[in-house]
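A.B. asks: If you scroll down you'll find the structure; I have some questions about it.
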Amino acid sequence: MDFIENIGRTVLDTFRATRDVMALLFETLYWLVMGPFKKKFSKREGIFTQMAYAGVDSVIIAFFVSFFTGVVIAMQSAYQLQRFGANIYVAPMVAISIARELGPVLTSLVVAGRVGAAITAELGTMKVSEQIEALDTMALNPIRFLVVPRFLALLIMLPCLVMFSDLMGIMGGFLVGVFNLRLNPYRYITFSFQFMVWKDVWTGLVKSAVFAMIITMVGCYMGLKTKGGAEGVGKSTTASVVTSFILIILFDSILTCVFYFFNT
Amino acid sequence: MEKEVVIKASNVKKKFGDRAILNGISLEIYRGETFVIMGGSGCGKSTFLRHVIGALKPDSGSIHLLGKDISKLNEDDLDKVKKRIGMCFQSSALFDSMTVGENVALALKEHTKLDKSVIDIVVKMKLEMVGLRGFEDLMPSQLSGGMRKRVGLARAIAMDPEIVFYDEPTAGLDPIVAGVIDKLIIDLSKKLAITSVVVTHDMKSVFSIADRVAMLYEGKVLEVGTPAEIKASKNAMVQQFVNGSPDGPIRFFQQKDDYIEQLLK
């Protein structure tokens, strides 16, 4: 019976956590929309600090990952396409798979590991050292003060990062195409953009915006519910990264299905 | 002259799961006095404090803070009341990512329209009161425990509150620093006419700062009175607590009877 009990408990816990994360999301959106009307908008400097941390400081690692993904995709697809003498199709293959899928997903995973973990660790430490409670007694709503700037910063910065990552990935494929497969650089570029349509890019950006919400919401939720000192912070941080990773992959497939079936 | 009641708790009850933490606490605290809540660890004194500042809601009973029933207020009105109180945390709870000056300035920056130059002056004044002027640009991690407590105190009084709450202000400090903190609490109450509510189990500070004392035991008020009345109390539990004796009606070992059974099981 223990086994069934455990299943039941896990399902219930998952439902409870989902409900709480949604509540947090609604409250964040409430403050995001209503904050300016109540003259209680988050300070600009706070948002800029978060944007610099979440976005600008993630550029190098995001570039690194996307560039080499581009290189690998180009090589792996060339390995198959060479047999048919269709080397030139490496160009759109790289461009489309990067823009639609690998750019948003891999960049978000990197950011989840870097920024999401940092959010949870910081908020968790603040929770266990009574700092969240201190904010509350100073009549500063922790969600408005801590969650909203992080939410907004990542919502703006992750799509930007993904755009740059897309370019880097295409660049990685381009280098392989030109120097390894001996394709004409001009033809490579025109061929890429001949096949890639606007929809490939914006679906990727929509995905990245959803992933940004997942990363901040999971990160903040795990941070704010941290209990029990340093060990608790460690546990929350691990849980935050693992949950973000799973949810990013899950929502990636859901969104891909949506875009696939509503192919307008 | 009739004394003005600033905090009035009536029959406050709270349960966490099956464990009753507060079993009906009723207290009145008057304006301008230094009121000490004492009791052993786990008697519910910190939990009671969290109810009074609105961080927790009672299961039943009511708490009036500055004339408002805080368990029935909406968030905006509760915020208005919160701006009139200050809280000094046991662990200081300074914001690690901000300097000492920014910590003290935060509430002023967020809640007032004061110019930055004015806020800077206020911050210097508050830090001077706790003897830490010139430390504005240090980070909390660079301070000692006693200094952090004092910064926490400066932050608590930044908005010129009417009531300041102290959660174990002298816990974990050496006797001299503890004495300094006690003196600061007295000074602030006298100079700024602030009502102070102090939660502590440090007997030395209880008798040096308190105008009135309440002793809590198992979520109930055991006795309320002036320090002299408490010292002369006939209640054996109060006497045991004040003198810190291990033998008496308050048991340290909670289940004595089944000890042998448990060993032999």
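Protein sequence lines, in the order shown, are assigned to chains V and G. For the first sequence, my numbering begins at 27 and goes up steadily by one. For the second sequence, my numbering begins at 4 and goes up steadily by one. The C-beta atom is built at its ideal place from N, Cα and C for all residues, glycine as well.
(1) Under 7 Å, CB to CB, which of the residues in the region 145-167 of chain V have a partner in chain G?
(2) Do you know how far the Cα of V/A256 is from the Cα of V/Y214?
(3) Going by beta carbon distance, what residues of the same chain come within less than 6 Å of G/A196, once the five residues before and after it are set aside?
(4) To the nearest angstrom, report how far apart G/K186 and G/I212 are at their CA atoms.
(5) If you draw a straight line from the alpha carbon of V/V259 to that of V/E159, how long is it in whole angstroms?
(6) Got a sec: is the Cβ-Cβ distance from G/L111 to anything in chain V below 8 Å?
(7) Taking G/Y33 as part of the beta strand (DSSP E), name the residues at either end of that continuous run.
(8) Below 8 Å, can you find three or more Cβ-Cβ pairs linking the region 199-210 of chain V to the region 100-118 of chain V?
(9) What is the rounded straight-line gap between the Cα of G/P252 and the Cα of G/V224?
(10) Going by beta-carbon coordinates alone, are V/S291 and V/V244 separated by less than 8 Å?
(11) In terms of residues, what are the limits of the beta strand (DSSP E) holding G/V9?
(12) If you compare alpha carbons, which of V/Q102, V/F177, V/N167, V/G72 is closest to V/M239?
(13) Report the option in V/F93, V/F90, V/M197, V/A117 whose CA atom is closest to the CA atom of V/A104.
(14) I'd like to know if G/H54 contacts chain V, where contact means its C-beta is closer than 8 Å to some C-beta of that chain.
(15) Measuring from the CB of G/I32, is there a heavy atom of the ligand FAD at a distance below 7 Å?
(16) Do G/L97 and G/R136 have their C-beta atoms closer together than 8 Å?
(17) Contact between the region 174-188 of chain G and the region 6-14 of chain G: three or more CB pairs below 8 Å?
(18) For chain V, check one thing: does any of its Cβ atoms lie closer than 8 Å to the Cβ of G/H204?
(19) Which residues in chain V sit within 9 Å of G/D277, going by Cβ to Cβ distance?
(20) Could you work out which residues of chain V lie near G/A58, taking near to mean beta carbons separated by less than 9 Å?
(21) V/T133 and V/L180 look like a contact to me (Cβ under 8 Å); what is the Cβ gap, rounded to whole Å?
(22) Does DSSP put G/A217 in a helix, a strand or coil?
(23) Out of G/I32, G/L176, G/L76, which has the shortest C-alpha to C-alpha gap to G/L168?
(24) Which residues does DSSP list as the beta-bridge partners of G/S65?
(25) Alpha helix (DSSP H) containing V/S92: first to last residue?
(26) With a cut-off of 8 Å, does the C-beta of G/H67 fall near any C-beta of chain V?
(27) Does the beta carbon of G/M101 come closer than 8 Å to any beta carbon on chain V?
(28) Looking at the structure shown, is V/I30 part of a helix, part of a strand, or coil, going by DSSP?
(29) Answer yes or no: does any C-beta atom of chain V fall closer than 8 Å to that of G/A96?
(30) Where V/E156 and V/D192 are concerned, what is the direct C-alpha to C-alpha distance, given to the nearest angstrom?
(31) Between V/L184, V/V131, V/V137, V/L201, which lies nearest to V/F277 when the distance is taken from Cα to Cα?
(32) So, under 8 Å CB-CB, V/S266 and V/T146 are touching, yes? Tell me the CB distance rounded to an integer number of Å.
(33) At a CB-CB cut-off below 9 Å, which residues of chain V make contact with G/M90?
(34) Which chain V residues sit within Cβ distance under 9 Å of G/K86?
(35) Does the distance from the CB of G/I40 to the CB of G/A217 come in under 8 Å?
C.D. replies: Let me spell this out:
(1) S155, E156, Q157, E159, A160, D162, T163, M164, A165, L166
(2) Sequence index remark: in the first sequence, residue 214 of chain V carries index 188 (1-based). Sequence index remark: in the first sequence, residue 256 of chain V carries index 230 (1-based). When rounded, the distance between both Cα atoms is 53 Å.
(3) Walking along the second sequence from the start, residue 196 of chain G turns up at place 193. Here the set comprises G35.
(4) As a first step, residue 186 of chain G must be located in the second sequence, where it is residue number 183. As a first step, residue 212 of chain G must be located in the second sequence, where it is residue number 209. Going from the Cα of G/K186 to the Cα of G/I212 covers about 8 Å.
(5) Numbered from 1 along the first sequence, position 233 holds the residue referred to as residue 259 of chain V. Numbered from 1 along the first sequence, position 133 holds the residue referred to as residue 159 of chain V. Rounded to whole angstroms, V/V259 to V/E159 spans 16 Å at the Cα level.
(6) Along the second sequence, one-based indexing puts residue 111 of chain G at 108. So, not an interface residue.
(7) For the purposes of this step, residue 33 of chain G is taken as residue 30 along the second sequence, with counting starting at 1. Counting along the chain, the beta strand (DSSP E) containing G/Y33 begins and ends at 22-33.
(8) yes
(9) For the purposes of this step, residue 252 of chain G is identified with residue 249 of the second sequence, where counting begins at 1. For the purposes of this step, residue 224 of chain G is identified with residue 221 of the second sequence, where counting begins at 1. Cα-Cα distance, rounded: 16 Å.
(10) Missing from the structure shown is residue 291 of chain V; chain V here goes from 27 to 290 and no further.
(11) Translated into the one-based positions of the second sequence, residue 9 of chain G becomes position 6. 8-19 is the span of the beta strand (DSSP E), which, as asked, contains G/V9.
(12) For this step, residue 239 of chain V is matched to residue 213 along the first sequence. Comparing Cα-Cα distances from V/M239 to each of V/Q102, V/F177, V/N167, V/G72, the minimum goes to V/F177.
(13) One-based indexing of the first sequence puts residue 104 of chain V at position 78. Of the listed residues, the one whose Cα sits closest to V/A104 is V/A117.
(14) Numbered from its first residue, the second sequence carries residue 54 of chain G at position 51. No, no contact with chain V.
(15) For the ligand FAD, the structure offers nothing, since it holds no ligand at all.
(16) As a first step, residue 97 of chain G must be located in the second sequence, where it is residue number 94. As a first step, residue 136 of chain G must be located in the second sequence, where it is residue number 133. No, the pair does not count as a contact, with Cβ atoms beyond the cut-off.
(17) no
(18) The residue labelled residue 204 of chain G in the question sits at position 201 within the second sequence. Output row for G/H204: interface = no.
(19) Only positions 4 to 268 of chain G appear in the structure, and residue 277 of chain G is not among them; the question remains open.
(20) Your numbering for residue 58 of chain G matches position 55 in the second sequence. What G/A58 touches in chain V: E159, D162, T163.
(21) What you label residue 133 of chain V is simply residue 107 of the first sequence in a count that begins at 1. What you label residue 180 of chain V is simply residue 154 of the first sequence in a count that begins at 1. About 12 Å; that fails the 8 Å criterion.
(22) The residue you call residue 217 of chain G lines up with position 214 of the second sequence. Three-state DSSP puts G/A217 in a strand.
(23) Translated into the one-based positions of the second sequence, residue 168 of chain G becomes position 165. A quick correction: the sequence has Phe, not Leu, at residue 168 of chain G. It is G/I32 whose Cα lies nearest to the Cα of G/F168.
(24) Translated into the one-based positions of the second sequence, residue 65 of chain G becomes position 62. G/S65 pairs with G/S13.
(25) Position 66 of the first sequence, counted from the first residue, corresponds to residue 92 of chain V. Counting along the chain, the alpha helix (DSSP H) containing V/S92 begins and ends at 85-107.
(26) Your numbering for residue 67 of chain G matches position 64 in the second sequence. So no, G/H67 is outside the interface.
(27) Translated into the one-based positions of the second sequence, residue 101 of chain G becomes position 98. No, no contact with chain V.
(28) Position 4 of the first sequence, counted from the start, is the residue given in the question as residue 30 of chain V. Helix.
(29) Here the question's residue 96 of chain G lines up with position 93 in the second sequence. By this cut-off, G/A96 is an interface position.
(30) Residue mapping note: residue 156 of chain V aligns to position 130 of the first sequence, counting from 1. Residue mapping note: residue 192 of chain V aligns to position 166 of the first sequence, counting from 1. Looking at the two C-alpha atoms, the distance is approximately 42 Å.
(31) Reading the first sequence from its first residue, position 251 is the one you call residue 277 of chain V. Taking only the C-alpha atoms, the option nearest V/F277 is V/V131.
(32) Here residue 266 of chain V corresponds to residue number 240 of the first sequence, with the count starting at 1. Here residue 146 of chain V corresponds to residue number 120 of the first sequence, with the count starting at 1. The pair is a contact, with the Cβ atoms about 4 Å apart (cut-off 8 Å).
(33) Reading the second sequence from its first residue, position 87 is the one you call residue 90 of chain G. Those are E159, A160, T163, M164, listed as they occur along chain V.
(34) The residue labelled residue 86 of chain G in the question sits at position 83 within the second sequence. Near G/K86 (Cβ distances below 9 Å), the residues of chain V are M164, A165.
(35) Counted from its first residue, the second sequence places residue 40 of chain G at position 37. Counted from its first residue, the second sequence places residue 217 of chain G at position 214. Contact flag set, yes.
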